[in-house]
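In the working numbering, the protein residues as written are 870 to 1290.
Cβ atoms here follow ideal geometry from the backbone N, Cα and C, with glycine treated the same way.
Quantities reported herein were computed from a predicted structural model and do not represent experimental measurements.
Here's the structure, in structure tokens; my notes come after.
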Ligand SMILES: Cc1noc(C)c1CN(C)Cc1cc2n(n1)CCN(c1cc(N)ncn1)C2
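Okay, structure coming up:
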């Protein structure tokens, strides 16, 4: 009796112009062994799309018939087309606003949605930390003052990450701690399912006082995440495998709304070329070097200055020698213990400050460094450039980053790019 398989193979071989020279069948079912049912299961490890030409090629091999050249070529043609189709499917990308939360750009917040139906919160995208935490229904009401909160029980897709907690402390002594849920999380149309969302059970007073900030999205490396017993991935690390390009970009602006993009580099947002430099991802910050600096129209001082590009830090913190060289050019400037940094008469004329990335140069306008009056009626102003000596690390915060278009590249190895705009 000719089985279906025989017919199928005959037709395949006929299609290949090889007639019906069927070699002897390998093995036959032993009818006397009683009934045997084998349940078919999909091979869990086959993640590659089915290539029909490869199936034909294997049939030739199985029956010991040399496969014709065009079959071999067909296998490659189909693999190529499937590869291209897959590449096209990695189309994920997102774009969202970076809105200054007060008149001096102390921080920038971005609208995000969490859960089903979506709950919208305004979060600070922070490349200097790696916890995604929010004001929530679990935050004591005495610590909530005008912030939007995330209520996991109102989301049909939220799941408690049982037994997990977190606690974070920032450079300025502020901090928060709490429990963890997973839920759908979207920034600018880019969705991550099952993102770890850290719900605050306690926040420090400086967060309570900041009613425009509902939490943070850490965009540092996931090694810094504080969730225990198992640390969680950042939004970017979760989104990366589906992004068109493994990047996100920051286009922060002086006293204006900028943007964060995920998965693509928008050539309309910068001028000239992007200059990249190496990133050391340990211990988890976007750590890289400046190639030097200049004050005003002064000569460029070449020197490797290692620090972190940190969108969650307001000001620019550099070594004391550089900062004193800068304020030496400012009439009436002094390093005030009383005010905790360099201050100067608001009427003073400030020079620009230029930093280098490899061979490229980025100039911070004087207005960015004339950061703010000590108080609304004061004639004393506080500098946007301060000494890093007390921090143990140089921090390229928003005062510097808003002078450029910045590409945070999650490639292997990671790198960071700067372009003028
Ligand atoms: C200060 C400050 N910075 O932004 C805001 C908002 C404030 C003021 N505010 C009253 C409260 C506050 C304190 C912090 N934030 N918000 C944001 C995260 N912070 C960071 C992040 C980071 N990468 N590095 C250092 N601190 C400290």
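Confirm the yes/no value for this check: CB of residue i, any heavy atom of ligand 1, distance under 8 Å.
i            : result
residue 1232 : no
residue 1093 : no
residue 1083 : no
residue 1039 : yes
residue 1200 : no
residue 1078 : yes
residue 1036 : no
residue 998  : yes
residue 976  : yes
residue 970  : yes
residue 1261 : no
residue 1178 : no
residue 1075 : yes
residue 812  : Because residue 812 is not part of the residues shown, which for the chain are 870 to 1290, the question remains open.
residue 979  : no
residue 1126 : no
residue 1181 : yes
Can you grab the Cα-Cα spacing for the pair residue i / residue j, in whole Å?
i            : j            : result
residue 1213 : residue 966  : 33 Å
residue 892  : residue 926  : Reliability of the predicted coordinates at residue 892 is poor, the pLDDT of 41 falling under 50, and the value obtained from them is presented with this limitation in mind. Taking the straight line from one Cα to the other gives about 16 Å.
residue 976  : residue 983  : 21 Å
residue 1215 : residue 1204 : 15 Å
residue 1166 : residue 1219 : 12 Å
residue 1124 : residue 1196 : 23 Å
residue 1059 : residue 1168 : 44 Å
residue 938  : residue 954  : 25 Å
residue 1290 : residue 1271 : 10 Å
residue 949  : residue 1221 : 53 Å
residue 1253 : residue 1244 : 15 Å
residue 1248 : residue 1083 : 33 Å
residue 924  : residue 908  : 22 Å
residue 890  : residue 941  : Caution applies to residue 890, whose pLDDT of 39 falls short of 50 and renders its modelled position unreliable; the model cannot decide the point.
If you drop the 5 nearest sequence neighbours on each side, which residues of the same chain put their C-beta closer than 7 Å to that of residue i?
i            : result
residue 1194 : 1164
residue 895  : Bear in mind that the predicted position of residue 895 carries a pLDDT of just 41, short of 50, making it too unreliable to give a figure here.
residue 1269 : 1185, 1224, 1233
residue 1134 : 1114, 1116, 1118, 1276
residue 960  : 1113
residue 1201 : 1213, 1214, 1217
For the beta strand (DSSP E) that residue i lies in, which residues bound it at each end?
i            : result
residue 1038 : 1028-1038
residue 1096 : No beta strand (DSSP E) contains residue 1096, which DSSP labels as neither H nor E.
residue 1054 : 1044-1056
residue 993  : 988-995
residue 1120 : 1116-1122
residue 1090 : Counting along the chain, residue 1090 falls outside any beta strand (DSSP E), and DSSP gives it neither H nor E.
residue 1140 : 1140-1147
residue 966  : 963-969
Starting from residue i, follow the alpha helix (DSSP H) in both directions and report where the run begins and ends.
i            : result
residue 1129 : Where residue 1129 is concerned, there is no enclosing alpha helix (DSSP H), although the beta strand (DSSP E) it sits in stretches over 1125-1131.
residue 1106 : 1104-1108
residue 921  : 921-931
residue 1194 : 1189-1196
residue 1280 : Unbroken run through residue 1280: none, as it is neither H nor E.
residue 1019 : No alpha helix (DSSP H) contains residue 1019, which DSSP labels as neither H nor E.
residue 1202 : Looking at the DSSP string, residue 1202 is not in any alpha helix (DSSP H), and its letter there is neither H nor E.
Give a yes or no on whether the C-beta atoms belonging to residue i and residue j are separated by under 9 Å.
i            : j            : result
residue 1176 : residue 1265 : yes
residue 1251 : residue 1207 : no
residue 1085 : residue 1000 : yes
residue 1236 : residue 1187 : no
residue 1148 : residue 1282 : yes
residue 1006 : residue 1131 : no
residue 1090 : residue 1145 : no
residue 989  : residue 978  : no
residue 1111 : residue 1063 : no
Starting from the C-beta of residue i, find all residues in its chain whose C-beta is less than 6 Å away, skip the five residues before and the five after it, and write them out in chain order.
i            : result
residue 1126 : 966, 968
residue 1159 : 1174, 1224, 1225
Starting from the C-beta of residue i, find all residues in its chain whose C-beta is less than 8 Å away, skip the five residues before and the five after it, and write them out in chain order.
i            : result
residue 1037 : 998, 1000, 1002, 1044, 1045, 1046, 1095
residue 1013 : 1004, 1077
residue 1071 : 1008, 1009, 1012, 1045, 1046, 1047
residue 1100 : 1091, 1092, 1094
Is it the case that the CB of residue i approaches a heavy atom of ligand 3 more closely than 8 Å?
i            : result
residue 1043 : No copy of ligand 3 appears in this structure; the ligands present are ligand 1.
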